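Residue numbers (our numbering): 11 to 726. For every residue, glycine included, the Cβ atom is placed at its ideal position computed from N, Cα and C. The structure presented is a predicted model; accordingly, all values stated were derived computationally and were not measured. Let me begin by presenting the structure, written as structure tokens, before commenting on it.
Below, the structure is given as structure tokens:
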């Protein structure tokens, strides 16, 4: 079918198929670069995974923070480099990702070579709508291959398509495929390996585009209207009836899930089940990883002589690797679940439902799901913000996500609840509820402020295509999990490990020997340390006493404590003093005046500094400061008793109500997570945004904790 006749205006000669010449692109020296393009929800990424397997690598487009996925593979002696461009509806306009994809297709992206050919993915079930993009790509003058995807669904709907007509209208080979089932993928590979058609007048596309812009002021001759007319005409000629783009089977479901009342109820129910499930399911592998690295550390410590090497391997390297892997289960489970929901078509409906509320706080509806998932972990939540097209909206979402209570804060909340409300679970539950609520309110407020100051503008209006409901593909979900896990371990994980090593060095050096410890420690601590050492020395004859009944009657030995208890107390004092006089400890005592208005002394200040690596480190640090050693953090009653017994120089309790509440508020609002900072750096492409994140959250946490301490002090 020919294009509709153009009204008076500049005319462009159309080149017939017979005048096009085949050109074999790519060589042993240079691979054939193929751009993969298509509308959102056309199955483009699924097809990419089918074609490339696990060979894909993830990076950013040059000069941007938008992710680029590409892969190289061999086809009949030809090296093909396939790169997946963001989904787009048109090459002429759109959001940042559409503009970037358009520039990449035209070869106008600095630092990125133009494609030799374009593989366009069309949805066979709604062909007319997808042909608009195909017509624009064809006018770029590059060799084009068309993958007609979703053929399995088209057959289920009873559609019969005339592929010859479609190929003739597009002047390009058309290969029917199904990324979900793998149907036709081998034929598509063979087409890529064969000769591609190259239009000899490559300038034709640019001339067409210029002419279109000249005449676009006249709606009657608008090229966009002509393309729509042409797409509908080709769709009808190919065999797609007008009503084929409707999905009546999903209308009844849509009436429920997008209803003003029923929609939010369904959304809240699904999201609650999703994230409670993620939290529960992830706890098992996380516990296994934690226990496994704990046992490995104990075995390594037992096999090595005490010293710097053992500390480096166990407390530095092994703990850093364990800290990276500990986040992996939540990341994998979250992206697996979100991919399944996206494949069903529900996530688009969820964004529509959430948009009504999110617009009021300066955020788009698509920000709701990442923010909700942040209550499990901020790291995968920030990684999932890629679904937000607007860079401004995405940056605001990334900056406020850490304010929402994640699972790493729970040990701190539990510690404060045990200190204040031991034996009163109702009050402890209210404390947890208040902490969660404070985080949510703070995130909403911060998004409003950021949207009116640093990142001025309005949230992007939600214009979203509601895809048909489909059965999700486990294969696709597993591909996404593999890709996200690989990106996290390869990029964010290396930064986390490096920063963890820095924290270890700061808490380890300078090293203290026994003489230094006795010289630097307070007199009563030094005396106790020496007494414990002497008691352990006296335990040496105990082994002889067990074999010599006469020796067992020695009253001095009979009154001695168990060696294990003495060694544990001695190790606790050694760890306590080593931390106190380490670089971090000295810094903590140096900044004590800064934290004094919050009710913190140098011991709490050390815990606050240490917890900038990870929030939960506060509990183990306070356990060491209290003289229990790192293992004491796992024994909540013992730790609570030790912290309750800690005193200020004037004899007052250190963890009184004002200080405990101040500490809680500080940890609700402070940015204390190296993995989150590392992922923010990766997703934004600059250290500027992590610096802003930690800066504004630290100021907010300090101010709120100060007000809390002063107010509660007045009230009690």
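With a Cβ-Cβ cutoff of 8 Å, do residue i and residue j count as a contact?
i, j, result
"residue 342", "residue 384", "no"
"residue 45", "residue 85", "no"
"residue 125", "residue 110", "no"
"residue 659", "residue 723", "no"
"residue 61", "residue 184", "no"
"residue 477", "residue 358", "yes"
"residue 677", "residue 613", "no"
"residue 380", "residue 406", "no"
"residue 512", "residue 334", "no"
"residue 129", "residue 445", "no"
"residue 672", "residue 608", "yes"
"residue 276", "residue 340", "no"
"residue 771", "residue 123", "Summary: the structure shown does not reach residue 771, with the chain confined to residues 11 through 726, and so no result is reported for it."
"residue 527", "residue 596", "no"
"residue 372", "residue 361", "no"
"residue 48", "residue 97", "yes"
"residue 665", "residue 653", "yes"
"residue 459", "residue 345", "no"
"residue 593", "residue 617", "no"
"residue 480", "residue 395", "no"
"residue 141", "residue 150", "no"
"residue 91", "residue 50", "no"
"residue 274", "residue 363", "yes"
"residue 691", "residue 700", "yes"
"residue 189", "residue 57", "yes"
"residue 422", "residue 628", "yes"
"residue 320", "residue 683", "no"
"residue 167", "residue 409", "no"
Drop a sphere of 10 angstroms on the beta-carbon of residue i, count the other beta-carbons inside from all chains shown, and report buried for 16 or more, exposed for fewer.
i, result
"residue 403", "buried"
"residue 229", "Here the model assigns residue 229 a pLDDT of 47, short of 50, so the residue's position is not dependable, and the following value carries that caveat. Residue 229 is exposed by the Cβ-count criterion."
"residue 261", "exposed"
"residue 279", "exposed"
"residue 79", "buried"
"residue 443", "exposed"
"residue 707", "buried"
"residue 349", "buried"
"residue 741", "Shown here, the chain extends from 11 to 726; a query on residue 741 therefore has no answer."
"residue 32", "Note that residue 32 scores a pLDDT of 42, beneath 50, so its modelled location is shaky; the value from the coordinates is reported in the next line. Classification of residue 32: exposed, given that the 10 Å Cβ count is below 16."
"residue 101", "buried"
"residue 493", "buried"
"residue 709", "exposed"
"residue 598", "buried"
"residue 771", "The chain is shown from 11 up to 726; residue 771 falls before or after that span and cannot be answered."
"residue 269", "exposed"
"residue 267", "buried"
"residue 108", "buried"
"residue 688", "buried"
"residue 630", "buried"
Under the assumption that residue i contacts residue j (Cβ atoms under 8 Å), give the Cβ distance between them as a whole number of angstroms.
i, j, result
"residue 393", "residue 693", "7 Å"
"residue 655", "residue 680", "Actually they do not touch by this definition, with Cβ atoms about 26 Å apart."
"residue 522", "residue 586", "Not confirmed; about 11 Å, so no contact."
"residue 163", "residue 191", "Not a contact, Cβ separation roughly 10 Å."
"residue 284", "residue 347", "6 Å"
"residue 186", "residue 143", "Residue 186 to residue 143, Cβ: 18 Å. No contact."
"residue 495", "residue 338", "6 Å"
Name, in chain order, the residues that DSSP records as bridge partners for residue i.
i, result
"residue 48", "131"
"residue 736", "In the structure as shown, the chain starts at 11 and stops at 726, and residue 736 therefore has no counterpart that could be examined."
"residue 574", "In DSSP, residue 574 forms no bridge with anything."
"residue 286", "Paired residue(s): none; residue 286 is not in a bridge."
"residue 185", "157"
"residue 624", "683"
"residue 657", "663"
"residue 327", "According to DSSP, which records beta bridges pairwise, residue 327 is partnered with nothing at all."
"residue 298", "DSSP, once it has assigned bridges, lists no residue as partnering residue 298."
"residue 84", "89"
Stretch-stretch touch, CB-based, cutoff 8 Å, three pairs: the stretch 596 to 608 with the stretch 538 to 545: Because the criterion of three Cβ pairs below 8 Å is not met, the stretch 596 to 608 and the stretch 538 to 545 do not touch.
The stretch 514 to 527 touching the stretch 299 to 306, judged by at least three CB pairs closer than 8 Å: Under the three-pair Cβ rule at 8 Å, the stretch 514 to 527 does not count as touching the stretch 299 to 306.
Given 8 Å, three or more beta-carbon pairs between the stretch 428 to 435 and the stretch 530 to 539: Contact between the stretch 428 to 435 and the stretch 530 to 539 is absent, because fewer than three Cβ pairs lie under 8 Å.
Inter-stretch contact (C-beta, 8 Å, three-pair minimum) for the stretch 484 to 493 and the stretch 434 to 445: Put simply, the stretch 484 to 493 does not touch the stretch 434 to 445. Fewer than three CB pairs are less than 8 Å apart.
Inter-stretch contact at 8 Å, needing at least 3 Cβ pairs: the stretch 326 to 333 / the stretch 454 to 473: Because the criterion of three Cβ pairs below 8 Å is not met, the stretch 326 to 333 and the stretch 454 to 473 do not touch.
Touching by the beta-carbon criterion (3+ pairs, under 8 Å), the stretch 149 to 158 and the stretch 174 to 193: The stretch 149 to 158 is in contact with the stretch 174 to 193.
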